[in-house]
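In our numbering, the protein residues as written are 9 to 292.
Just so it is clear, CB atoms sit at the ideal spot from N, CA and C, and this is done for glycine as well.
If you're wondering where the values come from, they're calculated on a predicted model, not measured in any experiment.
Below is one structure, written out as structure tokens; the observations come after it.
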Amino acid sequence: LAKASVEVLERTKGEIMGFVEGKDRGEGVIGVKVEKEDGEEKRKEMEEFEKQQRDRVLKKAVGIEMKLAELYSSDYIQDEKKAEEAQVAAVELCLKELHRRQSLGLPVGGGLEADNTEGWLNVTEIATALTDLAGRYTAQENYELSIPLQMRALDLLHTEEGDAPTCKQVVLLNSVAGCMAGQAQKPIRAEDPKKAREQLFDAAQKWAQKAIDVAAKIQPPVRDEECDTSCVAATFNLGWLAEFQGKAKEAERLYGEAKSLSQGLGFEQGVSMADAALKRLTKN
Numbered sequence: 009l010a011k012a013s014v015e016v017l018e019r020t021k022g023e024i025m026g027f028v029e030g031k032d033r034g035e036g037v038i039g040v041k042v043e044k045e046d047g048e049e050k051r052k053e054m055e056e057f058e059k060q061q062r063d064r065v066l067k068k069a070v071g072i073e074m075k076l077a078e079l080y081s082s083d084y085i086q087d088e089k090k091a092e093e094a095q096v097a098a099v100e101l102c103l104k105e106l107h108r109r110q111s112l113g114l115p116v117g118g119g120l121e122a123d124n125t126e127g128w129l130n131v132t133e134i135a136t137a138l139t140d141l142a143g144r145y146t147a148q149e150n151y152e153l154s155i156p157l158q159m160r161a162l163d164l165l166h167t168e169e170g171d172a173p174t175c176k177q178v179v180l181l182n183s184v185a186g187c188m189a190g191q192a193q194k195p196i197r198a199e200d201p202k203k204a205r206e207q208l209f210d211a212a213q214k215w216a217q218k219a220i221d222v223a224a225k226i227q228p229p230v231r232d233e234e235c236d237t238s239c240v241a242a243t244f245n246l247g248w249l250a251e252f253q254g255k256a257k258e259a260e261r262l263y264g265e266a267k268s269l270s271q272g273l274g275f276e277q278g279v280s281m282a283d284a285a286l287k288r289l290t291k292n
């Protein structure tokens with residue numbers, strides 16, 4: 009079934025992209041002809057209809073790429089190379105369309121109308137495509153590719169949400185912090201590797217703290233479990249960064265705080281991680 013679904017989706021994707029490319033070349037709707045006598049109003053109606061159709065089918069193309077990535081990664085197919093290619097294709101479609109819309113002065117997300125759920129992707133959906141690919145690169149410890157995607161997603165969300173951030177920003181801020189900490193542990197090619205590593209650790213601390221600071225501004229009902237667990241993770245990450253830098257007392261305080269937060273939330277995984285970290289500290 010998975011392979012059959014892939015074949016159908018690949019074929020549909022090809023047809024959709026053919027349609028979109030035709031629109032971008034200025035081709036009209038097949039089989040529809042607007043005569044001169046129909047007037048300017050009719051012509052404008054047709055142009056608007058074509059724009060709406062283009063938005064809808066392009067959104068569908070991104071969705072198909074993301075579904076293909078899911079299918080290729082499934083136990084039934086297990087083709088991670090093709091899964092990654094599909095995720096890359098989804099992101100490339102998003103970024104190309106973002107550039108086109110910005111150059112034309114159109115809204116970056118949300119289709120032709122802000123409440124048009126059938127139009128072009130909204131900002132959250134675009135950010136999801138970016139962070140899904142970033143997550144793959146993070147799992148591969150390819151932080152140099154992951155971080156820019158997360159930064160782009162953050163920029164989109166920050167611009168869209170303004171002074172009313174959501175928990176999505178908190179999750180991303182903490183993810184950036186984690187990636188920077190991960191990158192700091194890998195071999196660094198720089199004139200002064202030690203200094204470059206310290207800069208990465210400092211940046212990771214700032215991003216983790218920013219995740220906590222942003223979360224503090226978010227109140228229910230916007231604030232949800234995702235915010236709370238991300239705060240635990242960010243606090244734990246700050247503890248780990250302090251431990252790695254030899255600041256044992258600071259690490260102990262932060263791990264203790266992460267444990268306390270986890271207990272208050274009933275977040276068992278957070279409690280066990282903090283306990284393991286505190287136990288490790290006492291041994292050293």
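Check, Outcome
"Phe244 versus Pro201: straight-line alpha-carbon distance, rounded", "26 Å"
"Unbroken alpha helix (DSSP H) run spanning Ile134, endpoints", "Val131 to Ala147"
"Beta-carbon contacts of Ala211 that lie in its chain and below 6 Å, excluding the five residues immediately before and after", "Met188"
"Proximal residues to Cys175 (C-beta, below 6 Å), its chain only, five neighbours per side dropped", "Asp232, Glu234 and Cys235"
"Thr146 classed as buried or exposed, judged by whether at least 16 other C-beta atoms fall within 10 angstroms", "buried"
"Cα-Cα separation, Ile24 to Ile220", "42 Å"
"Backbone CA spacing between Ala3 and Glu88 [nearest angstrom]", "For residue 3 there is no data in the structure shown, the boundaries of the chain being 9 and 292."
"Beta-carbon gap between Val131 and Ala98 smaller than 8 Å", "no"
"Residue environment, Ala122, which counts as buried when at least 16 other CB atoms sit within 10 Å", "Summary for Ala122: the model assigns pLDDT 45, below 50, so the residue's position carries little reliability; its value from the coordinates is reported in the next sentence. When all chains shown are included, Ala122 counts as exposed."
"Segments of 4+ residues assigned as alpha helix (DSSP H) that fall wholly inside the stretch 36-116", "47-81 and 88-112"
"Check whether Ser238 and Asn182 have beta carbons under 8 Å apart", "yes"
"Euclidean distance between Cα positions of Val40 and Val65", "Reliability fails at Val40, whose pLDDT of 48 lies under 50, so the model's placement of it is uncertain and the value that follows must be treated cautiously. In a straight line, the C-alpha of Val40 is about 18 Å away from that of Val65."
"Collapsed DSSP secondary structure at Pro195 in the structure displayed", "coil"
"Beta-carbon proximity check, Leu101 vs Val14, cutoff 8 Å", "no"
"Continuous alpha helix (DSSP H) stretch holding Asn245: start and end", "Glu233 to Phe252"
"Cα-Cα separation, Gly254 to Lys267", "20 Å"
"Reduced DSSP secondary structure (H/G/I, E/B, other) of Lys267", "helix"
"Member of Met159, Arg197 and Leu103 whose CA lies at the smallest distance from the CA of Trp215", "Met159"
"Beta-carbon contacts of Leu120 that lie in its chain and below 7 Å, excluding the five residues immediately before and after", "Residue confidence for Leu120 is low, a pLDDT of 37 falling below 50, so the modelled location carries little weight and cannot support an answer."
"Three-state class that DSSP yields for Asn182 in the structure shown", "helix"
"Classification of Thr139 by the beta-carbon crowding that lies within 10 angstroms, buried from 16 upward", "buried"
"Cα-Cα separation, Glu251 to Ala282", "13 Å"
"Neighbourhood of Ile85 by C-beta, 8 Å cutoff - its chain only, sequence neighbours within 5 removed", "Ala10, Lys11, Val14 and Leu79"
"Coil, strand or helix - Lys218 by DSSP", "helix"
"Gln213 vs Tyr151 beta-carbon contact at 8 Å", "no"
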